[in-house]
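Residues in the sequence shown are numbered consecutively from 27, following this note's numbering.
Accompanying notes for the structure given below.
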Amino acid sequence: MSPAVLDIPARHTTFLAFDFGLRRTGVAVGNRLIGTATPQPTIRAEGAARLQEALLRIRQWQPDALVVGVPFHPDGASHENTARARRFARQLRAASRLAVYEVDERYSTVEAEAAGARDADAGAACVILEQFLRGLK
27 MSPAVLDIPA RHTTFLAFDF GLRRTGVAVG NRLIGTATPQ PTIRAEGAAR
77 LQEALLRIRQ WQPDALVVGV PFHPDGASHE NTARARRFAR QLRAASRLAV
127 YEVDERYSTV EAEAAGARDA DAGAACVILE QFLRGLK
């Protein structure tokens, strides 16, 4: 299935993506010019510590915008982690004052593992970000 074309401002060229997890949150950085993502060390923290680690990465990479993977059941239904990932996206938006784009991340970990990712969480963040980048105008 091909992603919908996203109307994202052209000034947003560099993105930092997060594959939210309760214990581990994958991270990837990429840009729209080359359309690829590079895995970064996974955040191994929970709650407020997770957010602080994410903000450190934002300061390090200085992205133009953020991308957060939002999980759904295979049939598209929401579940507990859907709400948790969306809350994380809202927290990032409020704390960083950057645009945050949500991406359906169904099967991103499976895809990352199938591609041989050493770190499935960071690999999933790459899958999420590259899916997002393919949808840009």
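Idealized CB from N, CA, C, for every residue including glycine.
Predicted model only: the values in this text are computed from it and were never measured.
Spatial distance of residue i from residue j (CA atoms)
i    : j    : result
R83  : T135 : 21 Å
Q117 : R123 : 10 Å
G149 : V94  : 14 Å
G56  : A71  : 23 Å
D33  : A140 : 30 Å
P35  : P65  : 24 Å
H160 : P100 : In the sequence as displayed, the identity of residue 160 is Arg instead of His. Each residue's alpha carbon lies about 21 Å from the other.
G102 : F158 : 18 Å
Q86  : A75  : 17 Å
Reduced DSSP category for residue i - H, G, I as helix; E, B as strand; rest coil
i    : result
F98  : coil
F158 : helix
F46  : coil
A91  : strand
A125 : strand
T39  : coil
A75  : helix
R144 : coil
I84  : helix
R113 : helix
A120 : helix
A103 : coil
Per DSSP, cross-strand counterpart(s) of residue i
i    : result
D130 : V96
P65  : A54
Own chain residues within Cβ distance below 7 Å of residue i, not counting five before or after
i    : result
L81  : A121, S122
E137 : V153
F189 : This structure cannot settle anything about residue 189, because the visible part of the chain is limited to 27 through 163.
R119 : V126
Nonlocal neighbours in the same chain, by C-beta distance under 6 Å from residue i, ignoring five residues either side
i    : result
E128 : V94, V96, A115
R147 : The sequence given here places Asp at residue 147; Arg does not occur at that position. Once the five neighbours on either side are set aside, the close Cβ partners of D147 are D45, R50, G52, T68.
Close-in-space but distant-in-sequence residues of the same chain around residue i (CB under 8 Å, 5 per side omitted)
i   : result
L48 : E72, N107, R110
### Message
Can you confirm whether the region 84-91 touches the region 39-46 when touching is taken to mean that 3 or more C-beta pairs between the two stretches lie within less than 8 Å?
### Response
Enough Cβ pairs lie closer than 8 Å, so yes.
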